[in-house]
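Here is the structure we will look at, set down as structure tokens.
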Amino acid sequence: MNHADCEVFAQRWTEAIVGTSYVAMGRHMLARHLLELTHQLVEGFLAAEFDPSVGRDVGVAMVEKHFTGTETLKETLALIAEWLPGLSTPAPPGADVAGRVAQLVGSLAAGYASALRERSLDEQDAIYRAGLRARRQAEQALAASEAKFRAMFTEAKLGIGIGDLEGNITDANPALQEMFGYTREEFTRLNVSSMVHPEDAASVWEVYGELIRGERDHFRMEKRFNRRDGGEIWTDLTVSLVRDEGGAPTYQVALLEDVSERRRLQAKLQYQAYHDPLTALANRQMVTERLDQVFAGPVSQRRVGLCFLDLDGFKVVNDSLGHDVGDQLLKTVASRLTRCCGPGQLVARMGGDEFLIIVEDTGGEADMAVLADRILSALAAPVRVGGHALTVRTSIGVVERPVADTNPADLIQAADITMYQAKAGGKGRYAMFDQHRNASEVADFTLSATMVAAVARGEFYVVYQPLVDLGQGTLRAVEALVRWRHPTLGVLGPERFIRLAEESGSIVQLGHWVLARACEQAKAWRDAFGDAAPLVSVNLAPRQLHEPSLVADVTQVLADNGLDPSRLQLELTEQSLLGDDAGPLTMLTKLYGMGVRIALDDFGDGYWNLPDLRRLPLRELKLAGSFAAGLQSPCNGVDQRIVRALVDLAHALDLTVTAEGVETLAQCERFQAAGCDTGQGAWFGLPGAAEQIDALLRGAHPLCHREAL
Amino acid sequence: MERSSWASDDVDIEHASPARVYDYYLGGSHNFAVDRQMARQAIELWPELPLIMQANRAFLRRSVRYLVSQGITQFLDIGSGIPTEGNVHEVAQTAAPEARVVYVDVDPVAAAHSRAILAGNQYADVVQADLRDVTAIFDNPRARRLLDPTQPIGVLMVAMLHFVPDEAGPASIVGQYRKMMPLGSHLVLSHATHEGRPDQAGSHTDLYRRAGAPLTMRSRLQVETLFDGFDLVAPGVVFLPLWRPDSPADVDDHPERFTGFAAVGRRG
Ligand SMILES: C[S@@+](CC[C@H](N)C(=O)[O-])C[C@H]1O[C@@H](n2cnc3c(N)ncnc32)[C@H](O)[C@@H]1O
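Line order of the protein sequences matches chains A and B. So the first sequence is numbered by this note's numbering: it starts at 4 and just counts up by one. So the second sequence is numbered by this note's numbering: it starts at 777 and just counts up by one.
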């Protein structure tokens, strides 16, 4: 029938409308689809009962497939109108062919048009709704984010402020209101420029200007502000510039964190690090830094002065009246000192009852003398503390010199030493630093300070001097004497350092060290020479007698060397036993009880206290060298009689007697005649190394007096 | 965070939108007067535009069917535009009824309309996002519901990347997607080019630039570079009608007149 016709037509139709509308079909699919529509049309056209609505259906179907172009319709109508009348199958007899064609084409056009109109309206409606929905969603999202922002703004602990580019503040959150004490309304009447703090660095407002001009996007700094109530706050401030999409600056946002508390704490810690809590004066740390500053600056021509103060007898106040009174006293002294000083002068407490005043840019020693006098008179008035009127006296060491000639450490040391000179010179006075005097004191100071380390480094050694039995002519004992082989000063004798060791306290270590060496040597002799080995006599410094561990130490050393206590003699002077302390005597008694020989050294120098000889647990008396001098020929009979009387007395008390300082045969003979037991001195041998004693013991060198006898 | 969530003025119907202008080219009425005005202007300057867009849609259909034939049943269609005849889910689901499609468009109106169209569709959904927010897209719950990250996926950027300027680094953006695509995944891409009709390109891009939706047309070489890390499926980067046409009859005598490049790459 018409099938072939239809295929041909559908093909032509496809060619005519392809590309005139967007449909989701390729050419092949399109042709198939149009073939279906063609059949529909042909069927309607040839129907016995003609119904033009077939055309309408086809028009609607086309729009459904998204044939929406007007060109599509035009082409379609023209083709159909041309082709239908020429179909190979004729229309039913009697049919009005032209009328049918016209009606079909007309109704297809109407169907297409109205479907397209519907479709367009639906799509318009849909897109309009989509627009509304999208906008509503965006508004909701914005509202949600604004609500989030608001919540953040109001809840934030951080102060947040918003301002326009002229600096007018437009909003401030509660945290910021709290921080500054302004209400929101008050803030909105403020301009950023009124937030200047007098101590802002110029750079603050420079960077702010750069931000406002859009030259930077943010800055952060610590800045001070004044609160509404006049108080001051420190903030960690970040200001950011907000730009629009085009990048043009639109407004500014400031975030502020109140860091006042942290700053206060820092300041407090800083203060504590540099101040003495009791007196609020500067402390040692501050002194160090201030002096460093003085010396860091340009030094030419500049001079600097120090006063080193120490309160005389402060310890007594503390011990007898208590620390509270002592503290009050220190506070009063501190405030009087502060009043004596002006700008460029720093008063510091160095610790205990020591104070230091640094004076910058002095004109010479005279300036410092004036200050020292002022201090002495300021402290002259008694200090009233808790019902006591305390008279404070102070010793002041003063140094003044060109900055270029010195350094902080030397300066303080000089002031310190000079202060001791003032004290030694009678207290309650000042001493001006004296270069010459200082030199020897500095030397002493250095010796004293390095002594303990020198012991450890093995710079000390022990020599031995023979004590010879005047009756037998045999070696009865040796006295251990200490020497210091100083790396730069050469060999130093005890007279150079024992006093310093006594003063510094290092005599305790040194004494113990000598004792230990001497006992080791005693053991060596004993091992080598048996009963012929000499007693070892070791000096005991007064300070050692106050060491509670003395008895234990001696016991230990003896035990370490397997020595019988009777092989050891300890020499001490009468001064050791002066004073009220019963400790030394108890200790001596114990040592004596153990069998250790106790010798009283240098007897006869200074004053004599004969009763002591009875009271003390002694075994030997050593007559000072001054007796030997008296027995030098031509002999003075009085001296000889005195020596004889002393020897008799000693013997009566069961003590042996050693004559010291025996230098000649004559002296030797006279002591012998006076009944002395032993002699010591150049006549018998100078102090020497242990090997020298070995030689004596081996008989290699005859003892001097033997030769003489 | 979604890029658009802070701005309210991104729902803008006072200005023409590429999505709605495109709909007009395709004979749709999902558009407003501004869109139509711009589209008419564009067509006046370049009467073949509607045909080019049809060719683009035809490529889209063919590529989806090709992907399904390669066993891909999940699609991420980025820059999907306004739904119209022959949407990706329709094409895919005709071939594989359980195919899943996630549409992504930055245009809020397009996204809202897509959502309305897809209401009740179990296997398709839409995410409003910018192509550049790669992780935001993959992490979006709507996408996570439909896409299985362990299975190959078809990522479509059809007539979309020419809206991404060089400064935004289109190649590196594509690279980010590649990292998210399991082996066997495919990238479908069509892209405007000046190479077919150098005479038309200038006035057309000017018009889009003035409308606030600048276009960057790219050369074949540039389009090929976008496939770094993918194996181009035959016939490679070609003018739209030349990509695996359904029949030779569908190919015009002057395919270069359809001045867009089409290509599909496989991540192997
Ligand atoms: C020409 S349409 C293409 C629509 C569809 N892919 C097609 O080929 O038929 C381009 C679409 O990309 C969207 N688009 C443009 N830039 C985009 C971006 N950065 N991220 C996501 N979509 C974008 C537009 O909103 C528009 O809907």
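Cβ atoms here follow ideal geometry from the backbone N, Cα and C, with glycine treated the same way.
Measure the C-alpha to C-alpha separation of residue i and residue j and round it to an integer number of angstroms.
i                 : j                 : result
Asp729 of chain B : Ala905 of chain B : One cannot answer for residue 729 of chain B here, as it falls past the ends of chain B, which runs 777 to 1044.
Ile789 of chain B : Gly855 of chain B : 18 Å
Trp782 of chain B : Leu145 of chain A : Its pLDDT being 36, under 50, Trp782 of chain B is placed unreliably by the model, and nothing is read from it.
Leu359 of chain A : Arg404 of chain A : 16 Å
Gly217 of chain A : Glu189 of chain A : 27 Å
Leu414 of chain A : Val386 of chain A : 31 Å
His654 of chain A : Leu594 of chain A : 21 Å
Ala573 of chain A : Leu561 of chain A : The amino acid occupying residue 573 of chain A in the given sequence is Leu; Ala does not appear at that position. The alpha-carbon atoms of Leu573 of chain A and Leu561 of chain A are separated by roughly 13 Å.
Gly367 of chain A : Phe448 of chain A : 27 Å
Thr335 of chain A : Val362 of chain A : 21 Å
Ile83 of chain A  : Asp881 of chain B : 42 Å
Ala792 of chain B : Gly804 of chain B : 15 Å
Leu712 of chain A : Arg618 of chain A : Only weak support is given to the placement of Leu712 of chain A: the predicted model assigns it a pLDDT of 36, under 50, and the value that follows is read from those uncertain coordinates. C-alpha separation (whole angstroms): 37 Å.
Tyr24 of chain A  : Asp125 of chain A : Before going further, note that residue 24 of chain A is Ser rather than Tyr in the sequence given. Answer to the nearest angstrom: the Cα atoms are 18 Å apart.
Arg339 of chain A : Arg267 of chain A : 29 Å
Ser196 of chain A : Pro177 of chain A : 21 Å
Val290 of chain A : Met353 of chain A : 8 Å
Arg701 of chain A : Ser451 of chain A : 39 Å
His326 of chain A : Ala337 of chain A : 16 Å
Val21 of chain A  : Thr969 of chain B : 24 Å
Cβ atoms of residue j and residue i: under 8 Å apart, would you say?
i                 : j                 : result
Val877 of chain B : Ala886 of chain B : no
Ala632 of chain A : Gly607 of chain A : no
Glu623 of chain A : Arg600 of chain A : yes
Leu821 of chain B : His980 of chain B : yes
Gly400 of chain A : Asp370 of chain A : no
Val455 of chain A : Val517 of chain A : no
Trp487 of chain A : Glu462 of chain A : yes
Val539 of chain A : Val481 of chain A : yes
Trp528 of chain A : Ala536 of chain A : yes
Leu324 of chain A : His391 of chain A : yes
Phe939 of chain B : Val999 of chain B : no
Cys9 of chain A   : Leu49 of chain A  : no
Gly857 of chain B : Arg837 of chain B : no
Pro469 of chain A : Phe687 of chain A : yes
Quick one: which chain E residues come within Cβ less than 9 Å of residue i?
i                 : result
Ser995 of chain B : Considering every chain present, this structure includes no chain E. Its protein chains are A and B.
Near-chain A residues of the segment 1022 to 1035 of chain B - C-beta to any C-beta below 7 Å
Asp1022, Ser1023, Ala1025, Asp1026
Within 8 Å, do at least three Cβ pairs link the segment 521 to 530 of chain A to the segment 499 to 509 of chain A?
no
Using a Cβ-Cβ cutoff of 8 Å, what residues of the segment 184 to 213 of chain A are near chain B? List them in chain order.
none
Against chain A, which members of the segment 859 to 872 of chain B pass a CB distance test of less than 9 Å?
Thr860, Glu861, Gly862, Asn863, Glu866, Val867
Is the segment 258 to 266 of chain A touching the segment 303 to 311 of chain A in the sense that three or more CB pairs, one from each, lie closer than 8 Å?
no
Indicate whether the contact test is met: 3 or more Cβ pairs, each with one atom in the segment 133 to 140 of chain A and one in the segment 887 to 894 of chain B, closer than 8 Å.
yes
Contact between the segment 174 to 186 of chain A and the segment 203 to 222 of chain A is defined here as three or more beta-carbon pairs at a separation below 8 Å; is this criterion met?
no
With three or more C-beta pairs closer than 8 Å as the rule, is the segment 970 to 988 of chain B touching the segment 921 to 932 of chain B?
no
Compile a chain-ordered list of the residues in the segment 15 to 31 of chain A whose CB is closer than 7 Å to at least one CB of chain B.
Gly22, Ser24, Tyr25, Val26, Ala27, Gly29, Arg30, His31
Near-chain B residues of the segment 87 to 107 of chain A (beta-carbon distance less than 8 Å), N- to C-terminal order:
none
Touch check for the segment 1021 to 1029 of chain B and the segment 23 to 30 of chain A: three-plus C-beta pairs under 8 Å?
yes
Output, in sequence order along the chain, the residues in the segment 885 to 899 of chain B whose CB is closer than 9 Å to any CB in chain A.
Val885, Ala886, Ala887, Ala888, His889, Ser890, Arg891, Ala892, Ile893
Are the segment 66 to 81 of chain A and the segment 116 to 124 of chain A touching by the rule of at least three beta carbon pairs closer than 8 Å?
yes
When you compare the segment 906 to 916 of chain B with the segment 952 to 970 of chain B, are there three or more beta-carbon pairs, one atom per stretch, that lie closer than 8 Å?
yes
For the segment 61 to 89 of chain A, which residues have a beta carbon sitting closer than 8 Å to at least one beta carbon of chain B?
Lys68, His69, Thr71, Gly72
Is the segment 836 to 850 of chain B touching the segment 989 to 998 of chain B, taking contact as three or more C-beta pairs under 8 Å?
no
For the segment 832 to 844 of chain B against the segment 162 to 172 of chain A, are there 3 or more C-beta pairs whose distance is under 8 Å?
no
Is there contact here, the segment 275 to 289 of chain A with the segment 371 to 381 of chain A, by at least three beta-carbon pairs under 8 Å?
no
Inspect the CB distances between the segment 229 to 244 of chain A and the segment 262 to 271 of chain A and report whether three or more fall short of 8 Å.
yes
Output, in sequence order along the chain, the residues in the segment 917 to 947 of chain B whose CB is closer than 9 Å to any CB in chain A.
none
The segment 133 to 145 of chain A: which residues have C-beta closer than 8 Å to a C-beta of chain B, in chain order?
Ala133, Gly134, Arg136, Ala137, Arg138, Gln140, Ala141, Glu142, Ala144, Leu145
Using a Cβ-Cβ cut-off of less than 8 Å, give me the residues of the segment 802 to 826 of chain B that come near chain A, in sequence order.
Leu802, Gly803, Gly804, Ser805, His806, Asn807, Phe808, Pro826
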